[in-house]
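Data first, discussion second: the structure below is written as structure tokens.
Numbering (my numbering), first residue to last: 92 to 245.
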């Protein structure tokens, strides 16, 4: 296992299998020194642990945990392309979408789940730029979706 995967295990987590695409796309692609993931849902063992809108059927705290699951799924997608997570130089950008109740404005707090986990796993390499966007609905009625862009070393 890589040092990054050792850190994931230290946190009591496991790198999941790559979530199979739901349509015509790849979970991640490499372009030069960068890997871009597709949006990752918080799938666990092939299923969503929760569905609905954040601020209605799903609490902000639960959504924050789901965003962390999305980030872990994104790392699995990155590994499927580069083979070794130790090649990550840094997380460049995180983009997160939050299926939000009409009056919910806590999208940044929800996305902290992904950002904080990436920081715990990768340290300074996990510090990134980020966008947190509220949307009406996501695939499969998922509460959150996260994509990441990482720079890798040759």
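From the three backbone atoms N, C-alpha and C, an ideal C-beta is built for every residue, glycine too.
Note that the structure is a prediction, hence the values are computed from the model and not measured.
By the three-class DSSP mapping on this structure, what secondary structure does residue 128 have?
Reduced to three states, the DSSP call for residue 128 is strand.
Can you check the stretch 113-178 for any alpha helix (DSSP H) of at least 4 residues that lies completely inside it and give the ranges in chain order?
List check, alpha helix (DSSP H) in window: 151-173.
Tell me whether residue 225 sits in a helix, a strand or coil according to DSSP, three-state version.
Of the three classes helix, strand and coil, the one that applies to residue 225 here is strand, per DSSP.
So what does residue 239 bridge to, in DSSP terms?
Paired residues: 185.
Roughly how many angstroms lie between the CA atoms of residue 98 and residue 176, to the nearest whole one?
The alpha-carbon atoms of residue 98 and residue 176 are separated by roughly 11 Å.
Applying the criterion that 16 or more other CB atoms from any shown protein chain within 10 Å of the CB defines a buried residue, is residue 152 buried or exposed?
Under this definition residue 152 is an exposed residue.
How many Å lie between residue 210 and residue 163 at the Cα?
Distance between the alpha carbons of residue 210 and residue 163: 12 Å.
Taking 8 Å as the threshold, find out whether the stretch 172-190 comes into contact with the stretch 108-116 through three or more Cβ pairs.
With the cut-off at 8 Å, the stretch 172-190 and the stretch 108-116 do not touch.
Following the continuous alpha helix (DSSP H) through residue 204, name the residue where it begins and the one where it ends.
Start and end: 198-213.
When the distance is taken between beta carbons, is residue 242 closer than 8 Å to residue 165?
Against a cut-off of 8 Å, the Cβ pair of residue 242 and residue 165 comes out as no contact.
Please state whether DSSP places residue 94 in a helix, a strand or coil.
It is helical.
Roughly how many angstroms lie between the CA atoms of residue 124 and residue 147, to the nearest whole one?
Rounded to whole angstroms, residue 124 to residue 147 spans 40 Å at the Cα level.
Are residue 188 and residue 224 close, meaning C-beta to C-beta below 8 Å?
The answer is yes: Cβ separation under 8 Å.
Since residue 190 sits in a beta bridge, which residues does DSSP pair it with?
Residue 190 pairs with 226.
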